[in-house]
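Undergrad: Numbering (our numbering), first residue to last: 8 to 402.
Glycine residues also receive a C-beta, built at the ideal position from the N, C-alpha and C atoms.
Encoded as C-alpha cells, here's the structure I'll be asking about.
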Ligand SMILES: Cc1ncc(COP(=O)(O)O)c(C=O)c1O
C-alpha cells in the first residue's frame, strides 16, 4: 500500500457509528438538542473537573459566546482591551472584534507556542479586561507569574483549549484556570463530534447566559426559574416563550453530535496517552540540528507533531514542503491557524502593524513552522519512516 500520512486518521470510529445507529433506530426520536446533549455536557464537566458546560456547534461558536458573555458582564465598565496571542485560530480574534473589544497582540514562545508572558505583562493597563490565551497544539500556556498577576489585577482569563484537550498545568487539566474555557470537537482534534464545541465554567451565572446565547438569546433556555419569572414579569407585552434578551444566533448542536461525543469521551484519556508517547518518540527521532525540539513538554498532550525548521531560508523551506508532498505527508504551514494573525487581510481594517520586529517568534512559525498528524493508531514504525524522511531533507 502506498505510504501516506494524513493529518488525522480514523477519528470517527466504528463504535461511534454503532452508537449513532442505536440512536437512530429508536422510536419517536428527538434529534435536536435534548437529553443526549445534556448528558454529554454533564460527562464533559465531570471529565474536565468543572461545574458547568454548554455544548455548541463549533469551537468558534464557543469563542464567540464567551466574548459575548464578557461583553454582557462588562456592561458598565470602560475596559475594552483583550490581550490575545498572534498565533491562534482566527475565531479567537474575530470573537474579540465582533463583540466590540480591541485585540492587543503579543508574541509567542517557541517552546509552547503560547503567549509570551513578559509581553502580556507589558501590555496590561487600566483598559485591560481579559487575557484570552490559546493553549496551542497540546502545550500548556500557563505559568504561575501570569496567573498571579491576572488575579492580583482582577483581569479575567479566558482559556481556548480547542487544541489541547487533556493537557495540564500543575497536574490540573487546562480549562480549569479561566473564568470560561473553550473546546473544539472538530474532526482533526483530540476528540470529535464531527463539528462541535464546548463552553465550560464554574460560574453559574455565566453558564446560564451561555445557554441563552447558544439559542437565540431566549430567556426560556435558562434553568434559573426565578430569573425567568422576573423577565416574564418585566416584559409583560411579550409571549412568555419568546423573550429574546440578547443579540445572538443559533449555535446549538444536536443529539447525534452528543452521542458521538459521549462515546469519544470514554476513549479520550487512553488516546491521549498514546498521543503523548507518539510525540516523545517523534521528538527523540528528529534531527535537532534541522528541527526545533526544545519544547516545554510538561503537561502537554499533542494531537499533532509541531515541526519548526531551524533554517530561515525560504528556498530550503520550499524544498522541505516539496519533500513532504512527494512522500504524501499532509502538513499545514503556520502551526495553529496559519501563523501570524497580524498578517491576515481581515485584521488590517482594525490594526495596522507593519513592523513585526516585536513578534519574532510568531514570524518564524509563520514562515517556517508546520504541523503534521499525531493520532492514536500511529505506530513507531510509521513514526520512524516519517522522521527518516524529515531527517534526510537537506537544509
Ligand atoms: C485554537 C482554536 N480555537 C478555536 C478553533 C475553532 O474551532 P472550530 O473549528 O470547531 O470552529 C480552533 C479550530 O481549529 C482552534 O484551533
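When the Cβ atoms of the region 286–294 are set against those of the region 113–128, are three or more pairs found closer than 8 Å?
TA: Segments in contact, no.
Undergrad: Going by DSSP, what residue range makes up the alpha helix (DSSP H) through residue 135?
TA: For this step, residue 135 is matched to residue 128 along the chain shown. First-last for residue 135: 135–141, but that is the beta strand (DSSP E), not the alpha helix (DSSP H).
Undergrad: Let me check one thing: in DSSP terms, what residues is residue 166 bridge-paired to?
TA: Counted from its first residue, the chain shown places residue 166 at position 159. DSSP output for residue 166 lists 140 and 188 as bridge partner(s).
Undergrad: In terms of DSSP beta bridges, what is residue 27 paired with?
TA: For this step, residue 27 is matched to residue 20 along the chain shown. None, per the DSSP bridge assignment.
Undergrad: Using 7 Å as the cut-off, classify the Cβ of residue 353 as near or not near the heavy atoms of ligand 1, replying yes or no.
TA: The residue you call residue 353 lines up with position 346 of the chain shown. No.
Undergrad: With respect to 7 Å, is the separation between the Cβ of residue 265 and the closest non-hydrogen atom of ligand 1 below this value?
TA: For the purposes of this step, residue 265 is taken as residue 258 along the chain shown, with counting starting at 1. No, Cβ of residue 265 sits at least 7 Å from all heavy atoms of ligand 1.
Undergrad: Going by DSSP, which residues form a beta bridge with residue 61?
TA: As a first step, residue 61 is located in the chain shown; it is residue number 54 there, counting from the start. Within the DSSP secondary-structure output, residue 61 pairs in a beta bridge with 206.
Undergrad: Touching or not, the region 46–64 and the region 265–277, by the rule of three or more beta carbon pairs under 8 Å?
TA: Three or more beta-carbon pairs drawn from the region 46–64 and the region 265–277 are found closer than 8 Å, and the two stretches are therefore classed as touching.
Undergrad: Can you tell me where the beta strand (DSSP E) holding residue 88 begins and where it ends?
TA: Here residue 88 refers to the residue found at position 81 when the chain shown is read from its first residue. Counting along the chain, the beta strand (DSSP E) containing residue 88 begins and ends at 88–92.
Undergrad: Could you say which of 85, 136, 174 and 77 lies nearest to residue 119 if we only look at CA atoms?
TA: The residue given as residue 119 occupies position 112 in the chain shown. Closest option to residue 119, Cα to Cα, is 174.
Undergrad: Are the region 92–109 and the region 355–370 in contact at 8 Å, needing three or more beta carbon pairs?
TA: yes
Undergrad: Going by DSSP, which residues form a beta bridge with residue 251?
TA: What you label residue 251 is simply residue 244 of the chain shown in a count that begins at 1. Paired residue(s): 225.
Undergrad: State the DSSP-derived secondary structure class of residue 358, mapped to helix, strand or coil.
TA: On the chain shown, position 351 is the one that residue 358 refers to. The three-state secondary structure of residue 358, taken from DSSP, is coil.
Undergrad: Distance, Cα to Cα, residue 395 vs residue 293?
TA: Walking along the chain shown from the start, residue 395 turns up at place 388. Walking along the chain shown from the start, residue 293 turns up at place 286. Their Cα atoms are separated by approximately 8 Å.
Undergrad: Is the closest heavy atom of ligand 1 to the C-beta of residue 70 under 7 Å?
TA: In the chain shown, residue 70 corresponds to position 63, counting from 1. Flag set: Cβ of residue 70 near ligand 1.
Undergrad: Residues in its own chain within less than 7 Å of residue 350 by CB, not counting five upstream and five downstream?
TA: Here residue 350 refers to the residue found at position 343 of the chain shown. 373, listed in sequence order.
Undergrad: Only counting the same chain, and skipping five residues up and downstream in sequence, which positions put a Cβ closer than 8 Å to that of residue 72?
TA: Indexing the chain shown from 1 puts residue 72 at position 65. Answer for residue 72: 61, 63, 206, 217, 220, 221, 255 and 258, listed in chain order.
Undergrad: Pull up the DSSP beta-bridge partners for residue 376, would you.
TA: Counting from one through the chain shown, the residue named residue 376 turns up at place 369. For residue 376, which the question treats as bridged, DSSP gives the partners 315.
Undergrad: Is residue 419 buried or exposed, if buried means 16 or more other CB atoms sit within 10 Å of its CB?
TA: Here the chain has residues from 8 to 402 only, and residue 419 is not among them.
Undergrad: Any heavy atom of ligand 1 inside 7 Å of the beta-carbon of residue 308?
TA: Against the chain shown, residue 308 aligns to sequence position 301. Result no, Cβ not under 7 Å from ligand 1.
Undergrad: Is the region 376–393 in contact with the region 327–342, if contact means three or more CB pairs nearer than 8 Å?
TA: yes
Undergrad: Would you check if the distance between the CB atom of residue 363 and the CB atom of residue 387 is smaller than 8 Å?
TA: On the chain shown, position 356 is the one that residue 363 refers to. On the chain shown, position 380 is the one that residue 387 refers to. Contact flag unset, no.
Undergrad: Quick check on residue 139 - is its C-beta less than 8 Å from some C-beta in chain B?
TA: Absence of chain B from the displayed structure is noted, only one protein chain being present.
Undergrad: Taking only the alpha-carbon atoms, compute the straight-line gap between residue 299 and residue 147 and give it to the nearest angstrom.
TA: Sequence index remark: in the chain shown, residue 299 carries index 292 (1-based). Sequence index remark: in the chain shown, residue 147 carries index 140 (1-based). Distance between the alpha carbons of residue 299 and residue 147: 18 Å.
Undergrad: Taking the C-alpha atoms as reference points, what is the distance between residue 330 and residue 402?
TA: Your numbering for residue 330 matches position 323 in the chain shown. Your numbering for residue 402 matches position 395 in the chain shown. One C-alpha to the other measures close to 12 Å.
Undergrad: Check whether the Cβ of residue 148 sits closer than 7 Å to any heavy atom of ligand 1, and report yes or no.
TA: Counting from one through the chain shown, the residue named residue 148 turns up at place 141. No, the beta carbon of residue 148 sits no closer than 7 Å to any heavy atom of ligand 1.
Undergrad: Between which two residues does the beta strand (DSSP E) containing residue 112 stretch?
TA: Within the chain shown, the letter at position 105 stands for residue 112. That run of the beta strand (DSSP E) goes 109–113.
Undergrad: Per DSSP, residue 339 is paired with what?
TA: Here residue 339 corresponds to residue number 332 of the chain shown, with the count starting at 1. The partner list for residue 339 (beta bridge, DSSP) reads 378.
Undergrad: I'd like to confirm the pairing. Which residues does DSSP put opposite residue 259 in its beta bridges?
TA: On the chain shown, position 252 is the one that residue 259 refers to. Looking at the DSSP output, residue 259 bridges to 63.
Undergrad: Check whether the Cβ of residue 193 lies closer than 7 Å to any heavy atom of ligand 1, and answer yes or no.
TA: In the chain shown, the residue the question calls residue 193 occupies position 186. Result yes, Cβ under 7 Å from ligand 1.
Undergrad: Tell me the rounded alpha-carbon separation between residue 295 and residue 77.
TA: The count along the chain shown starts at 1 and reaches residue 295 at position 288. The count along the chain shown starts at 1 and reaches residue 77 at position 70. Cα to Cα, the separation comes out at about 43 Å.
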